[in-house]
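Chemist: The sequence shown maps to residues 1 to 258 in UniProt numbering.
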Amino acid sequence: MTRAEPGRLRTADMTGRILTTSDGVRIDAHHDPGDPGLAIVVAHGFTGSRRREAVRRAAGVFGRNAGVISFDFRGHGRSGGLSTVGDLEIHDVEAAVAWARELGYRRIVTVGFSMGASVVVRHAALHRGVDAVVAVSGPARWYYRGTPPMRRVHWVLERRLGRLVGRVALRTRIASGGWDPVPDPPYAVAGLIAPIPLLVVHGDADAYFPVEHAEQLYGNAAEPKELWLESGFGHAENAAPDELLERIGAWALAHAGN
């Protein structure tokens, strides 16, 4: 892999690229060039895509402070493979982070929403290699069915008809058979992230995961860490107002080191 000179971005491969993960899955990714000092890697939620309006909006806001790498998780959009809903997706994030390094960015922050939040937490804990991590509207633990939206999500995941609906209506291809073995949940690995700074962001109007998930994740993490409980904020990238995204971008710039 060819590295860019310090302080400079490579002129090739500046926008779209197909990445190949360490386990051989092709990932559709996009680069919005920015200041070479910082790249923000954006990880969307379940059934999302880098092309969705909410993700493009977040990329635009983050782009005021940084270059932005966005991508489709496996089983989503134009990427290959099947969704494992937070398990093997850590390889997708690692491929995006590696591309950011290849492009010459000196510091990298991962920002994940919902399922993407669980993935960036697990990636930072198990793969490391980033300078800060932000988990927005993420679950602390698996198999949560305490809200009507999450009961619908589990129907999509666990039933054959549900996976058909996921593929046809939601354009998300889901692996059958469940996890084997079950991966450690985000809260169980959160303590391994330090000394990488962690920001946990959650809304008190989240219809999927109540704030106890954010509190459990934050409580099991080690310093340096921050918890933002946002009044009136719903769930993930679709509900995130520009003002919140601006504050997240500013936090990433301030906490990614020099």
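By construction, the Cβ of each residue, glycine as well, lies at the ideal position given by its N, Cα and C atoms.
Model, not experiment: these values are computed from the prediction.
Where does Ile-90 fall in DSSP's three states?
Modeler: Correct three-state label for Ile-90: helix.
Chemist: Nearest by alpha-carbon distance to Val-55: which of Leu-103, Trp-99, Gly-116 is it?
Modeler: Nearest of Leu-103, Trp-99, Gly-116 to Val-55, Cα basis: Gly-116.
Chemist: Taking only runs that begin and end inside the UniProt domain "Serine aminopeptidase S33" (38-164), name each unbroken beta strand (DSSP E) of 3 or more residues, in chain order.
Modeler: With a minimum length of 3 residues, the continuous beta strand (DSSP E) runs that stay inside the UniProt domain "Serine aminopeptidase S33" (38-164) are 38-43, 67-71, 107-113, 132-136.
Chemist: May I ask you to list the residues that DSSP assigns as paired with Thr-172?
Modeler: For Thr-172, which the question treats as bridged, DSSP gives the partners His-76.
Chemist: Between the Cα of Ala-169 and the Cα atoms of Trp-99, Ile-27, His-76, which residue gives the shortest distance?
Modeler: Of Trp-99, Ile-27, His-76, the residue nearest in Cα terms is His-76.
Chemist: If you drop the 5 nearest sequence neighbours on each side, which residues of the same chain put their C-beta closer than 8 Å to that of Ile-18?
Modeler: Arg-26, Ile-27, Asp-28, Ala-29, listed in sequence order.
Chemist: Given that a residue counts as buried once 16 or more other Cβ atoms are within 10 Å of its Cβ, and exposed if not, what is Gly-24?
Modeler: Counting Cβ neighbours within 10 Å, Gly-24 comes out exposed, since fewer than 16 surround it.
Chemist: Taking Asp-204 as the reference, which of Pro-197, Pro-195, Ala-214 has the closest Cα?
Modeler: The shortest C-alpha separation from Asp-204 is found at Ala-214.
Chemist: Determine the burial state of Thr-15: buried for a count of at least 16 other Cβ atoms within 10 Å of its Cβ, exposed for fewer.
Modeler: Counting Cβ neighbours within 10 Å, Thr-15 comes out exposed, since fewer than 16 surround it.
Chemist: Check the C-beta distance from Tyr-105 over to Leu-38 and give it rounded, since I have them as a contact under 8 Å.
Modeler: Right, the Cβ-Cβ distance comes to about 7 Å (below 8 Å), so this counts as a contact.
Chemist: Under the three-state reduction of DSSP, which class applies to Gly-249: helix, strand or coil?
Modeler: Note: Gly-249 maps to helix in three-state DSSP.
Chemist: Helix, strand or coil for His-213? Go by DSSP, reduced to three states.
Modeler: His-213 falls in the helix class under three-state DSSP.
Chemist: Can the beta-carbon of Ile-90 be found less than 8 Å from the beta-carbon of Arg-50?
Modeler: Not in contact: Ile-90 and Arg-50 (Cβ atoms no closer than 8 Å).
Chemist: Just to confirm before moving on: does the CB-CB distance between Gly-112 and Ala-222 stay below 8 Å?
Modeler: The answer is no: Cβ separation not under 8 Å.
Chemist: Could you tell me the alpha carbon to alpha carbon distance between Pro-33 and Val-61, rounded to whole angstroms?
Modeler: The straight-line gap from Cα to Cα measures roughly 13 Å.
Chemist: Anyone know if the C-beta pair for Ser-83 and His-235 falls short of 8 Å?
Modeler: No, Cβ-Cβ distance for Ser-83 and His-235 is not below 8 Å.
Chemist: In this structure, does DSSP put Asp-28 in helix, strand or coil?
Modeler: Strand, per DSSP.
Chemist: My output table needs one value for Arg-3: the three-state DSSP class, helix, strand or coil.
Modeler: Caution is warranted here: a pLDDT of 45 is assigned to Arg-3, below 50, making its placement in the model unreliable, and the coordinate value is therefore given only provisionally. Residue state, collapsed to three classes: coil.
Chemist: Going along the chain, which residues of its own chain have a beta-carbon closer than 6 Å to the beta-carbon of Trp-228, five neighbours each way excluded?
Modeler: Val-201.
Chemist: Determine the DSSP secondary structure at Gly-166, reduced to helix, strand or coil.
Modeler: Helix.
Chemist: Pick from Tyr-143, Val-189, Gly-166: whose alpha carbon is nearest that of Phe-209?
Modeler: Answer by Cα proximity: Tyr-143.
Chemist: Is it true that the CB of Ala-252 sits closer than 8 Å to the CB of Ile-40?
Modeler: It is a contact, given that the beta carbons lie within the stated cut-off.
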